[in-house]
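Undergrad:
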Amino acid sequence: MPNTSEPMTEAMYYILLALYSPNHGYAIMQEIEKISGGRVKMGPGTLYGVLTRLVKNGLIEMVDSDSRRKIYKITPEGEAVLKAEFERLEKMVSDGKGILNDKGQPL
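Going by numbering that gives the first Met the number 0, the residue at position 6 of the sequence shown is 5; the numbering climbs one at a time, nothing skipped.
1. Would you say the region 76 to 84 touches the region 5 to 13, given that touching needs at least three Cβ pairs under 8 Å?
2. How many Å lie between Y12 and R67 at the Cα?
3. Exposed or buried, what is N22 when buried is set at 16 or more other beta-carbons lying within 10 Å of its beta-carbon?
4. Report the residue ranges of all alpha helix (DSSP H) runs contained in full by the region 10 to 66; include only those spanning at least 4 residues, in chain order.
5. Can you give me the Cβ contacts of L15 inside the same chain, cut-off strictly under 6 Å, excluding the 5 residues immediately before and after it?
6. On the three-pair Cβ rule with 8 Å, is the region 85 to 94 touching the region 35 to 44?
7. According to the neighbour-count rule (16 or more other Cβ atoms, all chains shown, within 10 Å of its Cβ), is M28 buried or exposed?
8. Compute every distance between the C-beta of E60 and the non-hydrogen atoms of the ligand FAD, then say whether any falls below 7 Å.
9. Take the Cβ of M61 as the centre, count every other Cβ of all protein chains shown within 10 Å, and call the residue buried at 16 or more, exposed below.
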């Protein structure tokens, strides 16, 4: 299992989120844009490089393939790593709120 204490990239995080429902490349890019409210637009070069890495690390798997599309889904291991990253990010936000609130900054 990959090290869950290492931060994951934004691309990895959003791809794992998008693959809670099995999907192919172009649909993954669209789902990421939808999930992020349009903030994250992922290009094919980034997507396919990260997909390859996630498959290699066992965080996603290919579940179907035809001549045009490969369908991927998140694995149980991928879910565990994604949840650990979510908790890490929540903690970072919580830590920042404590500091910023102490300094009288609006949140």
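Ideal placement from N, C-alpha and C gives every residue a C-beta, glycine not left out.
Source: prediction; values computed, not measured.
TA: The answer reads as follows:
1. yes
2. 25 Å
3. buried
4. 24 to 34 and 43 to 55
5. I73, G77 and L81
6. no
7. buried
8. This structure lacks the ligand FAD; in fact it carries no ligand of any kind.
9. exposed
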